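This report refers to the structure that appears directly beneath it.
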Amino acid sequence: MSEEKNIVWHKQSVTRELREKANGHKGCVIWYTGLSGSGKSTVANEVEKSLLNLGVKSYLLDGDNVRHGLNSDLGFTKEDREENIRRIGEVAKLFADSGTVTGVAFISPYRADRKRARDIVESAGLDFLEVYVKCPLEICEKRDPKGLYKKARNGEIKNFTGLDAPYEEPTNCELVLMSSEAAPAELAAKVIESLKQKHILL
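Structure, rendered in structure tokens:
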């Protein structure tokens with residue numbers, strides 16, 4: 047008998063419905079995607095602050111932070127990026143199942159990987175909101191808050207999204223935020239409004 051056949055799902059007595067009732071809101075995944083420097087983490091942080099002020103249980107999973115621990119063994123090849131997104135999709139699903147409004151701020155440049163993350167979450171009966179934080183490459187490069195574009199231009203970083211690695215824009219996301227045209231707090235308000243419209247915030 048294979049090892050997989052020896053793994054049996056353990057049914058828990060505290061259900062998702064009980065957690066939602068206790069929290070006063072549903073759990074979900076808000077998936078922020080966009081180029082480096084587009085403002086994903088900034089907007090996601092503003093959303094988390096707003097949720098805290100509303101008394102909503104939330105947590106932000108940031109791509110750079112996750113690579114310091116859970117995904118520290120992964121690089122930036124296409125295969126490693128796929129695994130990076132698969133892992134965080136599974137983690138985000140667990141957070142959302144706990145009743146947490148879960149922000150995920152990852153470049154996640156490939157449509158197929160983002161769809162896989164969506165499928166992981168939605169197959170568990172949870173809401174998934176893809177938020178495209180859109181910003182022209184030249185503005186992202188001008189911002190360059192971490193100096194990554196400069197290093198990539200100098201050849202110090204390979205497979206850098208937007209330069210020598212592709213970014214596939216979302217074609218059917220729930221929300222597009224033009225981060226070069228509005229303040230982060232204004233963009234965060236649009237995310238909060240979307241959560242209310244979808245009845246995630248009860």
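Numbering (the working numbering), first residue to last: 47 to 248.
Backbone N, C-alpha and C fix where the C-beta goes; we use that ideal spot for every residue, glycine too.
Model, not experiment: these values are computed from the prediction.
* Asked: Beta-carbon separation of Leu81 and Tyr213 under 9 Å?
  -> Cβ distance < 9 Å, so Leu81 and Tyr213 count as in contact.
* **DSSP-derived helix/strand/coil call for Lys180** => Strand.
* Asked: For Phe206, which residues from the same chain have a beta carbon less than 6 Å from its beta carbon, with the 5 sequence-adjacent residues on both sides left out?
  -> For Phe206, same chain residues with a beta-carbon under 6 Å away, outside a window of 5 residues either side, are Ala198 in chain order.
* To do: Report back the beta-carbon spacing between Val179 and Val89 to the nearest angstrom; my notes put them in contact at under 8 Å.
  => Going by Cβ atoms, the distance from Val179 to Val89 rounds to 6 Å, so yes, they are a contact pair.
* To do: Could you tell me if Asp159 is buried or exposed, where buried requires 16 or more neighbouring beta carbons within 10 angstroms of its beta carbon?
  => A residue is called buried once 16 or more other Cβ atoms fall within 10 Å of its Cβ, and Asp159 is buried on that count.
* Asked: In three-state terms, what does DSSP make of Val167?
  -> Looking at Val167 - three-state DSSP - the assignment turns out to be helix.
* Do Gly115 and Ile134 have their C-beta atoms closer together than 9 Å? -> Against a cut-off of 9 Å, the Cβ pair of Ile134 and Gly115 comes out as no contact.
* Would a C-beta distance cut-off of 9 Å place Tyr78 and Lys86 closer than the cut-off? -> With respect to the 9 Å criterion, Tyr78 and Lys86 are classified as neighbours on the basis of their beta carbons.
* Among Gly208, Lys57 and Val75, which residue has its Cα nearest to the Cα of Ile238? -> Checking every option, the nearest Cα to that of Ile238 belongs to Val75.
* Would you mind working out which of Leu223, Arg127, Asn69 and Ser104 sits nearest Val177, comparing C-alpha positions? => Out of Leu223, Arg127, Asn69 and Ser104, Leu223 has the C-alpha closest to the C-alpha of Val177.
* Asked: Does the beta-carbon of Val54 have 16 or more other beta-carbons within 10 angstroms, so that it is buried, or is it exposed?
  -> Exposed, since its Cβ has fewer than 16 Cβ neighbours within 10 Å.
* Assuming Gly173 and Lys244 form a contact by the criterion Cβ under 8 Å, report the distance between their Cβ atoms to the nearest whole angstrom. => Note on residue identity: the sequence assigns Asp, not Gly, to residue 173. Contact holds; Cβ gap of about 6 Å.
* Cutoff 6 Å; reference Phe152; Cβ partners in own chain excluding five residues on either side -> Excluding sequence neighbours, Phe152 sits near Gly109.
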